[in-house]
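Protein chains: 2
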Amino acid sequence: MNYVAPVKDMLFAMNELAELAEISALPGNEEASADLVETILDEAGKFASEVLAPINASGDKEGNTWTDGVVSTARGFKEAYASFCETGWNGMPAAVEFGGQGLPVTVSTAVLEMWKSANMSFSLCQMLTLGAVEAIAHHASNELKQIYLPNMVAGSWTGTMNLTEPQAGSDLAAVRSKAEPRGDGSYAVSGTKIFITWGEHDMAENIIHLVLARLPDAPPGVKGISLFIVPKFLVNADGSLGERNDLVCTSIEHKMGIHASATAVMAFGEKNGAIGYLVGEPNRGLEYMFTMMNHARLNVGLEGVAISERAYQHALAYARERVQGRIVGDKSGENKPILHHPDVRRMLMDMKSRTEAGRALAYYVAGCMDRARSHPDAGVRGANQARLELLTPVVKGWCTEMAQGVTWNGVQVHGGMGFIEETGACQHMRDARITTIYEGTTAIQANDLIGRKIAKEGGKNMGILREDIAATAMTLRTTGDPALIALADSLDRGIAALGDATQWLLDNHEAKPQAAAAGAVPFLKLTGVVVGGWLMARVAGIAATRAGDSDGDFYKAKLATAAFFAQHAMPEAGAYRDAIMNGADAVLALAESQF
Amino acid sequence: MNYVAPVKDMLFAMNELAELAEISALPGNEEASADLVETILDEAGKFASEVLAPINASGDKEGNTWTDGVVSTARGFKEAYASFCETGWNGMPAAVEFGGQGLPVTVSTAVLEMWKSANMSFSLCQMLTLGAVEAIAHHASNELKQIYLPNMVAGSWTGTMNLTEPQAGSDLAAVRSKAEPRGDGSYAVSGTKIFITWGEHDMAENIIHLVLARLPDAPPGVKGISLFIVPKFLVNADGSLGERNDLVCTSIEHKMGIHASATAVMAFGEKNGAIGYLVGEPNRGLEYMFTMMNHARLNVGLEGVAISERAYQHALAYARERVQGRIVGDKSGENKPILHHPDVRRMLMDMKSRTEAGRALAYYVAGCMDRARSHPDAGVRGANQARLELLTPVVKGWCTEMAQGVTWNGVQVHGGMGFIEETGACQHMRDARITTIYEGTTAIQANDLIGRKIAKEGGKNMGILREDIAATAMTLRTTGDPALIALADSLDRGIAALGDATQWLLDNHEAKPQAAAAGAVPFLKLTGVVVGGWLMARVAGIAATRAGDSDGDFYKAKLATAAFFAQHAMPEAGAYRDAIMNGADAVLALAESQF
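Heads up: the protein sequence lines correspond to chains A and B, in order. Heads up: take any position in the first sequence, counting from 1, add 29, and you land on our numbering. Heads up: take any position in the second sequence, counting from 1, add 29, and you land on our numbering.
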């Protein structure tokens, strides 16, 4: 089943929700004309369909091979990666000064969605590389930038994030890897890192590891962690590759999904210490990592959207083709594809509407990032930065949780064939499974949301968001259109649930922190579904004005999708509110021995 | 991670919800004394832990090997199966007259749950064999029974169900396999069958295939399908094995889960026709299959409970052991296991309470089956038969859908380790994935529920069920205990949602059959959560009277689990009702071209 980039849907979300025209008018974005953006999306869509999608299933089946520290990628990956770099796609989202195209985040978001849909395993290599580029660009010395960035942006060198250790997963305070000064300005880095995505492979000349480690005099906990560049091959003064550094991939994991991306166990400094270079100041490593973690979280949220889109296309194609059973209530007497069975339709509409809501959210937040970076008005920058920070954990948490149900339904639509690996539907479900775990589990996102993003500032930005949603509901009501008024009703119920739950959190966060934390994940889902419903309702408001266009069918479908979301997804808001506000005691009731 | 049978929980559900004492007093069940039942459960628990659980992960990893029609099972399976048969576990649930122990269904349900938890792949072989035994015992001639049943009950021969063909999945009307009379009372059967669980293997001397096929003069559709016994090896007059029959396993599937159970493609009659024997009368095959399908559906629902239990035990063990991060609101300053993180607790409570609710439902319905079979009072038999029929699709549909979230949370509790195959948590999720598909997808169950079980009889039995639930709420209220009154409130909200949705279905089933079908799956889930909540509330009512016992901790935990279910699961009822009653139009709105 090939993948076709949903360019029209993407452009719609970019134009209407991220408001691309405004973004393109911001300083530095002048080149991002509507024509150029459409051309980029068309070209990227072709590359995704023709180069990346065809090696997705084979990559899943073959996986990577580890032999004595050398990792060989699945067939076709080396060639695809070479082509990806050659055509400039690898560095495209990076800043112009480092060889990228400096396009708005909104535009690169759509392009990245395509890579993730076409081949999630493949896309992770670029994602990690660009994350490392971002950390280096923001925090490293000019010398380090000049040595590493151009090749990383070009893709001839790839990047990794080495955070996790066996005893330090969600809790990075427990990091034990060490870095000792070597007297020449470099450091001898040692320690074991696990879960290193694309930590070792054969697609690039060099791999630049960003490693969290402790200096000898570092304070304990998160305030004693520094960030180091530790290249696989040392770089000579003339920029050529020198000796192999003292680091090795000791094994790769057998995972449930993303088989074609090697997840490495990395041993640093087992001989004399791996030579590393301090990024920025000592003991600020975690802070630097978070610069890129926040962006990486948005990108993982986008993975949720992308894998959902792929699963939807896959299931839809099967549902259009497979003829099975009489359609209830159908008097034609004809055999029809299963797409006509009401429950298959329900599943497809569920997949479609949630995927569109996730895309709406991810692109909307990308727009906030563009405005927060480049808008000339400080007030607008501040408001967009606040919205971006509030919604980053929601994009990560809700879009990835959403993808679980969507990819699950993708299997279900296929019936028995769905369970057969060759069909390909379960790969999407297996690939999606990691997204609620890495870059911070849903619980980590939810605690960020209720703590730093809400309680810490007394719920101010959540209040502004609720007002914006209420304003949309009001606007929809004024149209007098019953379909839009129904959406407004649904939004008002959603805001009420969100308001109640937010107030409960504010009342309890300090006094009963465990009770608040017990409701954190339901609260994140509540926020996600209401904000998703809001953006879908805005889409509907726009679509209603265009239903008579030559392209009316496209807009009518948007109205139906928004109605489905309001009727089938939004009612969850009340259930989440009830669980948050009434359910904390039961979460905490049992003694350890009673489980 | 080993499996320990939750004997105490099982006995509680058997005694209090299925009301085992009453069942043991029914004619024919006299031997099922409380002591004997406890001994059986203890012994079965040992066998499950010591023999079946240890080969679960290795079986998943190795799978089966197909070579020229011969299927070799994973290491240890042959030996485990021999021991399973030798100790009498294989035939235990069968009737005494065929060599079984003739125990109440309630008792065998608990034992079967253990096999399914310990090793779902392994357990399928017995499940299919006993299903075939049931069909033969009810519908075949005495001669066929005498030839086949004793060896099948003993397990030296296993059984299969050959229904599905490439073009005939959910729609058995499309079956094309043929059976031509051979003139000697036997038939020449030919055709291709797919998805045949344990269709070929090396654990037994013979495999007895039950095959749906059409006689030459058969009417089209479901009324022209007959049922045949087609043995792998023909049986000589003296009972010894004769020639190999003309049937062959042409391949086995690569599946997402249940790797250790071969799913075979079977080719019948590629040479001269496979010799088969008609079961019962011509053209009644589907009806006969349904005798065992209904029981098989309960058993697949039980798989949902069993795999949930296993996933819960697995996640709990990890959560007790793994130390990570500071616990929010904890002033002890100690490092504690992740079990103490509120969100990990929330996930474990969710897993625990839903698993217990699923078990409550499955065992309760097993009790209905026992009473429907053996109660001396025809009125009681009838009432229990009606309840059994109403809830069979709910056990199958809801318990298996429930298992998806539970096994998913089992992975999530493990964090990054959950995604690593060696951890074992994803095997449960992958194994669980088939349960909402085989033996009739959730949509098939849901259509059975809203059609045959509700609309066809004007909602009568659903009304009686709602009255029973209301009576429980009333009883809980009279205690004056605030915790029980809160459960009563939750039940009343649940009944109201179920009542509204049932009435809507009754109003629309005839006039708008597609709209009704669009709400079928949400309606099944609504019924499941409300009935689950009812049984959990009954548990709480009993537990409240025993919280002061020496065993008080066990009962206090039951109260907490019931409260959790009421607060976190029951609010879904309102969301399902809304989706059913308001959401049909949006399901059906799009033209095929608009997807």
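In this text, a Cβ means the ideal position worked out from N, Cα and C, and glycines have one as well.
> To the nearest whole angstrom, what separates the beta carbons of T436 of chain A and L327 of chain A, a pair I think is in contact under 8 angstroms?
Replying inline: Wrong, their Cβ atoms sit about 20 angstroms apart, outside the cutoff.
>> Using a Cβ-Cβ cutoff of less than 6 angstroms, which residues in the same chain neighbour A576 of chain A once the five nearest sequence positions on both sides are dropped?
In response: The answer, listed in chain order, is Y584, K585.
> Are the beta-carbon atoms belonging to A608 of chain A and A591 of chain A less than 8 angstroms from one another?
Replying inline: Between A608 of chain A and A591 of chain A, the C-beta gap is not smaller than 8 angstroms, which leaves the two residues out of contact.
> Listing by chain order, which chain A residues have their CB less than 7 angstroms from the CB of I165 of chain B?
Replying inline: None at all; the shortest Cβ gap to chain A is about 25 angstroms.
> In chain order, what residues of the region 376-395 of chain B put their CB closer than 8 angstroms to some CB of chain A?
Replying inline: Within the region 376-395 of chain B, contact with chain A at the beta-carbon level (separation under 8 angstroms) is assigned to L377, M378, K381.
> Between the C-alpha atoms of L178 of chain A and V162 of chain A, what's the straight-line distance to the nearest angstrom?
Replying inline: The alpha-carbon atoms of L178 of chain A and V162 of chain A are separated by roughly 6 angstroms.
>> At the 8 angstroms Cβ level, is R567 of chain B part of the contact set with chain A, yes or no?
In response: With 8 angstroms as the cut-off, R567 of chain B does not count as an interface residue toward chain A.
>> According to DSSP, E194 of chain A sits in a beta bridge with which residue or residues?
In response: E194 of chain A pairs with A:A197.
> If L159 of chain B and A123 of chain B are in contact, beta carbons under 8 angstroms, what's the gap, nearest whole angstrom?
Replying inline: L159 of chain B to A123 of chain B, Cβ: 6 angstroms. Contact.
> Mind listing which residues of the region 265-299 of chain A have their C-beta closer than 9 angstroms to chain D's C-betas, in chain order?
Replying inline: This model lacks chain D altogether, as its protein chains are A and B.
> If you measure from the beta carbon of T429 of chain B to each beta carbon in chain A, is any gap under 8 angstroms?
Replying inline: Residue contact check for T429 of chain B against chain A: no CB pair falls below 8 angstroms.
>> Against L466 of chain B, what residues of chain A qualify as contacts under a CB-to-CB distance less than 9 angstroms, listed in chain order?
In response: For clarity, residue 466 of chain B is Ile in the given sequence; the question names Leu instead. I466 of chain B reaches chain A at V440, Q441, H443, G444, G445, G447, F448, counting residues in chain order whose Cβ is nearer than 9 angstroms.
>> Could you check if L327 of chain A belongs to the surroundings of the ligand FMN, using beta carbon to heavy atom distance under 7 angstroms?
In response: Of the ligands one can find in the structure shown there are none, so the ligand FMN has no counterpart to examine.
> What whole-angstrom Cβ distance do I466 of chain A and G447 of chain B have, given they're in contact under 8 angstroms?
Replying inline: Yes, I466 of chain A and G447 of chain B are in contact; Cβ-Cβ is about 7 angstroms, under 8 angstroms.
> Fully enclosed by the region 133-185 of chain A, which alpha helix (DSSP H) runs are 4 residues long or longer?
Replying inline: The region 133-185 of chain A contains, as complete alpha helix (DSSP H) runs of 4+ residues, the segments 134-147, 149-168, 171-183 (chain order).
>> Within 8 angstroms of any Cβ in chain B, is that where the Cβ of N611 of chain A sits?
In response: Interface flag for N611 of chain A against chain B is set, since a Cβ pair is found closer than 8 angstroms.
>> If contacts are defined as beta-carbon pairs under 8 angstroms, then I223 of chain A and V294 of chain A qualify, I think. What distance do you get, rounded to the angstrom?
In response: Contact flag correct, Cβ pair sits at about 5 angstroms.
> Under a CB-based cut-off of 8 angstroms, is A61 of chain B close to chain A?
Replying inline: Taking a beta-carbon distance threshold of 8 angstroms, A61 of chain B does not count as an interface residue toward chain A.
> Distance, Cα to Cα, G581 of chain A vs G253 of chain A?
Replying inline: The straight-line gap from Cα to Cα measures roughly 59 angstroms.
> Would you call N274 of chain A buried or exposed, if buried means 16 or more other Cβ atoms sit within 10 Å of its Cβ?
Replying inline: Answer is buried; the Cβ neighbour count reaches 16.
> What residues from chain B crowd round A242 of chain A, counting only those whose CB sits closer than 9 angstroms?
Replying inline: Simply none; closest approach about 19 angstroms.
> What are the residues that DSSP puts in a beta bridge with P260 of chain A?
Replying inline: Answer by DSSP bridge pairing, in chain order: A:I237.
>> Among A:T384, A:V409, A:S185, whose alpha-carbon lies nearest the alpha-carbon of C428 of chain A?
In response: The option with the nearest alpha carbon to C428 of chain A is A:T384.
> DSSP three-state call for F297 of chain A: helix, strand or coil?
Replying inline: It is a strand residue.
> Would you report the Cα separation of K284 of chain A and A475 of chain A, rounded to the nearest angstrom?
Replying inline: Each residue's Cα considered, the two are about 25 angstroms apart.
> Roughly how many whole angstroms lie between the Cα atoms of G453 of chain A and S78 of chain A?
Replying inline: Straight across, the Cα-Cα distance linking G453 of chain A with S78 of chain A is about 16 angstroms.
>> So the candidates are A:K489, A:M599, A:R459; which of them puts its Cα closest to the Cα of A432 of chain A?
In response: Closest option to A432 of chain A, Cα to Cα, is A:R459.
>> Could you pull the DSSP bridge partners for T501 of chain A from this structure?
In response: In the DSSP output, where bridge partners are listed per residue, T501 of chain A has none listed.
> What does F593 of chain A reach in chain B if we use C-beta pairs closer than 8 angstroms?
Replying inline: Against chain B, a Cβ distance below 8 angstroms from F593 of chain A picks out G612, A615, V616, A618.
>> Along the chain, where does the alpha helix (DSSP H) containing Y467 of chain B start, and where does it finish?
In response: Careful: Y467 of chain B lies outside any alpha helix (DSSP H) and carries neither H nor E.
> Once you ignore the five residues that flank A544 of chain B on each side, which residues in its own chain have a CB closer than 6 angstroms to its CB?
Replying inline: Closer than 6 angstroms at the Cβ level, and outside the excluded window around A544 of chain B, lie N537, A613.
> Using a beta-carbon distance below 8 angstroms, is W533 of chain A in contact with chain B?
Replying inline: Not closer than 8 angstroms to any Cβ of chain B, the Cβ of W533 of chain A fails to qualify, so no.
> Between F257 of chain A and L315 of chain A, is the Cβ-Cβ spacing less than 8 angstroms?
Replying inline: Cβ atoms of F257 of chain A and L315 of chain A: not closer than 8 angstroms.
> Can you name the residues of chain A whose CB is closer than 9 angstroms to the CB of L368 of chain B?
Replying inline: Those within 9 angstroms of L368 of chain B in chain A are E621, F624.
> Using the beta-carbon of each residue, which ones in chain A are nearer than 7 angstroms to F224 of chain B?
Replying inline: The answer, in chain order, is G445.
> Which whole runs of the alpha helix (DSSP H) in the region 343-413 of chain A are 4 residues long or more, in chain order?
Replying inline: Runs of alpha helix (DSSP H) with 4 or more residues, each lying fully within the region 343-413 of chain A, are found at 371-403, listed in chain order.
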